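Residues in the sequence shown are numbered from 947 upward in steps of one, following this note's numbering. First up is the structure itself, then whatever we jot down about it.
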Amino acid sequence: MKRQLLFLGMSAIISLSGCGNDSNEQTHEGHLQEPKQQEMDHSDHSQMDHSSSGEVPEGLKDAEKPTYKVGSQAMMNADHMDGMDGAEATIVGAYDTTVYTVSYTPTTGGEKVTNHKWVIHEEIENAGDEAFKPGAEVTLKADHMKGMDGAEAVIDSAQQTTVYMVDYTSKADGEKVTNHKWVTESELTPK
947 MKRQLLFLGM
957 SAIISLSGCG
967 NDSNEQTHEG
977 HLQEPKQQEM
987 DHSDHSQMDH
997 SSSGEVPEGL
1007 KDAEKPTYKV
1017 GSQAMMNADH
1027 MDGMDGAEAT
1037 IVGAYDTTVY
1047 TVSYTPTTGG
1057 EKVTNHKWVI
1067 HEEIENAGDE
1077 AFKPGAEVTL
1087 KADHMKGMDG
1097 AEAVIDSAQQ
1107 TTVYMVDYTS
1117 KADGEKVTNH
1127 KWVTESELTP
1137 K
């Protein structure tokens, strides 16, 4: 019993210390499990491939009137990766799509990843024209993290928005990140 209380106390401390600026995204995520999900998000994203080639999935359409135009700068207020929150981003792509948070078990083994931000509609196998609803079971064809491509996943949340591919310098380690996929419009503010 003491061990369980100690674990719960430590989990709460870790969760509270890492989630202070996440108020924008809490409206569509389960409040009762939020601390556990956030803790897992931070540890699991260490395997994330921060940079990419810049290739976009087939069928992804450029945004017609993005709030942040390609080549412009914006400030990020996202914390799904270390060093992202408060970093200045350069917009390298803007696309209108449905964006999802997903839970999946990596094809390479390991612990289940919960509430991963973000996978877009065009990164789901046999996506079709209609957006998936929360609870839908899908197969991922995204490669942001090891073991993601081909993994069976459950849609946790869905929203129609503009997503951005961005370049930025990590505030955590000074690493230059290029063509990062994805940041949502609500995770950006004017510079």
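Quick reminder that beta carbons are idealized off the backbone N, C-alpha and C, glycines included. All of these numbers come straight from a predicted model, not from anything done at the bench.
Worksheet item: What number of angstroms, rounded off, separates the C-alpha of N967 from the C-alpha of M1022?
Response: Here N967 scores only 35 on pLDDT, less than 50, and its place in the model should not be relied on; the value that follows carries that caveat. One C-alpha to the other measures close to 11 Å.
Discussion item. On the criterion of 16 or more Cβ atoms from any shown chain inside 10 Å, does T1107 qualify as buried, or is it exposed?
Written reply: buried
Item to complete: Decide if the stretch 1119 to 1128 is in contact with the stretch 1010 to 1017; the criterion is three or more beta carbon pairs, one per stretch, under 8 Å apart.
Response: no
Worksheet item: Hey, would you say K1007 sits closer than 9 Å to T1051, going by beta carbons?
Response: no
Item to complete: Kindly indicate which three-state DSSP category E1098 falls into: helix, strand or coil?
Response: strand
Worksheet item: Is there at least one non-hydrogen atom of the ligand NAD closer than 8 Å to the beta-carbon of V1002?
Response: The ligand NAD is absent from the structure shown, which contains no ligand whatsoever.
Item to complete: Quick one: give me the first and last residue of the beta strand (DSSP E) that G1039 is part of.
Response: E1034 to Y1050
Worksheet item: Below 9 Å between beta carbons: does that hold for L1086 and G1074?
Response: no
Worksheet entry | Buried or exposed (CB count within 10 angstroms, at least 16 for buried), D1119 | exposed
Item to complete: Using a threshold of 9 Å, state whether the C-beta atoms of Y1046 and A1104 are closer than that.
Response: yes
Item to complete: Answer yes or no: do V1065 and A1088 have a C-beta to C-beta separation smaller than 9 Å?
Response: yes
Worksheet item: In chain order, what residues of the same chain lie with their CB nearer than 6 Å to the CB of G1039, ignoring the 5 residues before and after it?
Response: M1111
Practice prompt. Return the Cβ separation of A1035 and D1113 in integer angstroms, given the expectation that the two are a contact with Cβ distance under 8 Å.
Written response: 7 Å
Worksheet item: Counting along the chain, where does the beta strand (DSSP E) carrying A1020 start and finish?
Response: Q1019 to M1022
Discussion item. Just to confirm the assignment: which complete alpha helix (DSSP H) runs, minimum length 4, are found wholly within the stretch 1049 to 1086?
Written reply: none
Worksheet item: With T1053 and G1005 assumed to form a contact (beta carbons below 8 Å), what rounded beta-carbon distance in angstroms separates them?
Response: So it is not a contact: roughly 23 Å between Cβ atoms.
Practice prompt. Hey, could you find the ends of the beta strand (DSSP E) L1134 is sitting in?
Written response: L1134 to P1136
Practice prompt. Name, in chain order, the residues that DSSP records as bridge partners for D1119.
Written response: Paired residues: none, contrary to the question.
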